[in-house]
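Each remark here refers to the structure printed beneath this line.
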Amino acid sequence: MLDFYPFFSMENKMLRPRGVIVLVFWFAVGAPVLADPGWQAAEGSGCLVWNAEPSAGSRVTWSGPCKDRRANGQGELVWRWDGNTMRYVGDMRDGKSHGRGVVTFPNGNRYEGDWVDDKRTGRGVVTFPNGGRYEGDWVDDKRTGHGVYTWANGERYEGDFVDGKPTTGVVTWANGDRYKGDFVDDKRAGRGKMTKAATGTRGSGAAVSPTAKARR
1 MLDFYPFFSM
11 ENKMLRPRGV
21 IVLVFWFAVG
31 APVLADPGWQ
41 AAEGSGCLVW
51 NAEPSAGSRV
61 TWSGPCKDRR
71 ANGQGELVWR
81 WDGNTMRYVG
91 DMRDGKSHGR
101 GVVTFPNGNR
111 YEGDWVDDKR
121 TGRGVVTFPN
131 GGRYEGDWVD
141 DKRTGHGVYT
151 WANGERYEGD
161 FVDGKPTTGV
171 VTWANGDRYK
181 GDFVDDKRAG
191 RGKMTKAATG
201 TRGSGAAVSP
211 TAKARR
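Under the numbering used here, think of the first position of the sequence shown as 1, with each following residue one higher.
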């Protein structure tokens with residue numbers, strides 16, 4: 001058996017944008033940051049969009065309107081770098097994603113939901129090529145609030161998140177086993193109740209220490 005859902009932490013590193021929505025992938029592939037944050041002109045229109053971590057060879061296009069030389073309103077923002085393409089379709093304000101929008105990343109991950117100043121804040125849905133899905137609250141690019149994470153095999157967590165990690169909620173495994181309680185560092189910890197589907201056996205009390213391996 002595996003440790004209890006360390007994937008939450010791994011996924012946070014994969015999905016957290018670095019200021020501008022494309023930058024998580026520059027970070028992931030190790031592209032060098034060559035300049036301070038600043039405005040980058042979209043090819044063709046010259047409309048400015050914010051680039052928090054400029055990288056060599058990055059190019060951007062924007063199909064929507066400009067206001068005071070910055071991307072504003074609805075349109076399509078496309079970043080290209082090192083053979084990668086990332087596409088954002090939605091609202092922009094003052095050169096940053098703001099409002100409602102959909103972003104598709106080069107690895108197939110997709111986010112649809114609310115944005116505030118280039119950060120996922122509000123309600124949103126992330127889907128993954130492997131079949132995983134998260135729907136819920138976001139604050140400053142992190143799952144914070146209430147949400148539901150569903151794995152491709154049917155396992156499911158519903159509950160509260162803080163800074164991208166589960167804190168209190170319910171996990172249901174594919175075999176019907178169910179845990180309701182607290183979590184620390186992606187592991188069952190504190191108070192909780194485990195129910196075995198096959199036997200109906202229930203256990204409650206202290207779950208598992210944060211440093212212990214939580215087994216199914």
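Glycine is no exception: its CB is placed at the ideal position from the N, C-alpha and C atoms. Just so it is clear, the structure is predicted and the values come from calculations on it, not from any experiment.
For this session: Indicate the three-state DSSP secondary structure (helix, strand or coil) for residue 55 in the structure shown.
Result: strand
Problem set entry | Closest residue to residue 125 among 118, 68, 61 and 101 (Cα-Cα distance) | 101
Exercise. Which whole-angstrom value describes the C-beta separation of residue 169 and residue 158, a residue pair presumed to lie in contact below a C-beta threshold of 8 angstroms?
Worked result: Indeed, because the Cβ distance is near 6 angstroms, the residues count as touching under 8 angstroms.
For this session: Enumerate in chain order the residues of its own chain whose CB-to-CB distance from residue 91 is below 8 angstroms, with the five nearest sequence positions on each side excluded.
Result: So the qualifying residues of the chain are 73, 74, 97, 98, 99, 100, 101 and 115.
Exercise. When DSSP labels each residue in this structure, what does residue 180 get in the three-state scheme?
Worked result: strand
Exercise. Based on the DSSP output, what are the partners of residue 84 in its beta bridges?
Worked result: 81
Exercise. Distance, Cα to Cα, residue 42 vs residue 149?
Worked result: Those two C-alpha atoms are separated by around 36 angstroms.
For this session: Ignore the nearest five residues each way along the sequence and tell me which others in residue 129's own chain have a CB closer than 6 angstroms to its CB.
Result: 108
For this session: Identify which residue in 164, 181, 51 and 85 has its Cα closest to the Cα of residue 195.
Result: 181
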